[in-house]
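Its first residue numbered -5, the sequence shown is counted upward by one per residue in the working numbering. From the three backbone atoms N, C-alpha and C, an ideal C-beta is built for every residue, glycine too.
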Amino acid sequence: MGSRILTIQRRTAEHGRLRTGYTQGNRPVRSATWVITSHSEEHVRTAAELWGGKPEEWKPLNSTIAQWRVITKAASIEALITPGDPLNQYNEMWSAGGCQRRCDGETELLTRQPCLCARQFGEDWHTQPKGRVCSTTSRLNVMLPDLSGMGMWRAETHSFYAASEWGGMVDMVLAGTDGRGFVPVTLRIEPRQVIRDGKTKKFPVVVVELRGVTPRQALAGPMSAAVALDPTGSRAVAAIEAPRPDYLALAEAALSSDDVRDVWRQAAAAGHVHAKGTDDLSKQLMAVAARKDTEETTGKTPKQGNAGHQEPEPDEDGVYDAEVVREDSAPEWPAVASPGSGARA
């Protein structure tokens, strides 16, 4: 592997955004389905093929740079949480001049003062009208495995309720994986409602949930990229249905009895022989191993008789060497080397 500049933070490019709303003129509109935006027309058109909708050119508010977007028909999409910590959360207030406040809940980071919203409106400050207080902003970087490119997509929500759920979900995953490996998830837009001051308020919340794996798998440590990309196991099913190797041919081609034992272990790991070695294939492999032992001891290859009986050959003086059978060639060796034991026969 090549070298890296240690003072530069390494990160992948951002391909686009995953949004839960869009604009009609200057009016914001909430969406029950995902809105995909990107500078890349190719990414947006591929997203439209996957999740429906019509690609169109679009300009964000207060921007003169055209992008592409598609209002999909999908309320849930498949994604991957990538290595590292993919979540950033702040209470933020923005204006035309940029970010005016960025608070971690205790300290406003731009002025280094205590939380201004809580000081002014108390612990329920988030119930104040939008624009009067900060918005609880959560940004989750994910990879969309079915779109081209190795970059990230940013899902962003300003929901106070989604913030706690995103933080709890991501923190549990990080506790199990230590920020290493990929985790398959589904990003789902879920309608919610609350009743406050006698009034019912409806709003969408983005839910992050595991996809195709159980909590036991997700918390057991980093999973391989192959499992994360195919959590349903369809590739594993294809591997099980693949033709069985010719273990006898592999054994005959082996250089030593130990190599034959390795062939048996390979067959045992695939479930093609009995762990105790009582099946026909195990017995055939044991016979090959015993013959390899004899060849190693005498230094000669036994001669195959007409009836399948192996006869030793005499030396140039007509003398037959005594047959020596090594202890480690005893026919019980498969039972000792059961799959997963790690023991050598």
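CA-CA distance, asparagine 135 to alanine 283, rounds to 55 Å. At a cut-off of 3 residues, the continuous stretches assigned as beta strand (DSSP E) that sit fully inside the region 168 to 194 are 177 to 190. Nearest C-alpha to threonine 58 among His33, Glu184, Pro80: His33. For the 8 Å CB-CB criterion, glycine 125 and cysteine 109 do not form a contact. Take arginine 133, set aside five residues on each side of it, and the residues of its chain with a beta-carbon closer than 6 Å to its own are Asn82, Arg148, Glu150, in chain order. Contact between the region 85 to 92 and the region 178 to 195 is absent: fewer than 3 CB-CB pairs across the two stretches fall below 8 Å. Only exposed fits glycine 15, as fewer than 16 other CB atoms lie within 10 angstroms of its CB.
If you check the CB distance, leucine 168 and aspartate 79 come in under 8 Å. For histidine 9, the uninterrupted beta strand (DSSP E) segment begins and ends at 8 to 18. Residue pairing by DSSP places glutamine 107 opposite Glu102 in a beta bridge. The beta carbons of alanine 261 and leucine 275 sit about 7 Å from each other, so the pair counts as a contact at 8 Å. Taken in chain order, the unbroken stretches of beta strand (DSSP E) that lie wholly in the region 86 to 155 and span 3 residues or more are 92 to 97, 129 to 137, 146 to 151. Only exposed fits glycine 265, as fewer than 16 other CB atoms lie within 10 angstroms of its CB. A residue is called buried once 16 or more other Cβ atoms fall within 10 Å of its Cβ, and alanine 42 is buried on that count. Counting other Cβ atoms within 10 Å of its Cβ, cysteine 93 stays below 16 and is therefore classed as exposed.
Counting along the chain, no alpha helix (DSSP H) covers arginine 21; the unbroken beta strand (DSSP E) around it starts and ends at 21 to 32.
Closest in alpha carbon position to threonine 31, among Gly10, Val177, Val23, is Gly10. Threonine 131 counts as buried, since at least 16 other C-beta atoms from the protein chains shown sit within 10 angstroms of its C-beta. Minimum Cα-Cα distance from alanine 73 among the listed residues Glu159, Glu203, Ser251, Trp52 corresponds to Glu203. With fewer than 16 other CB atoms across the displayed protein chains lying within 10 angstroms of its CB, lysine 277 is exposed. Around the CB of serine 251, 16 or more other CB atoms lie within 10 Å, so the residue is classed as buried.
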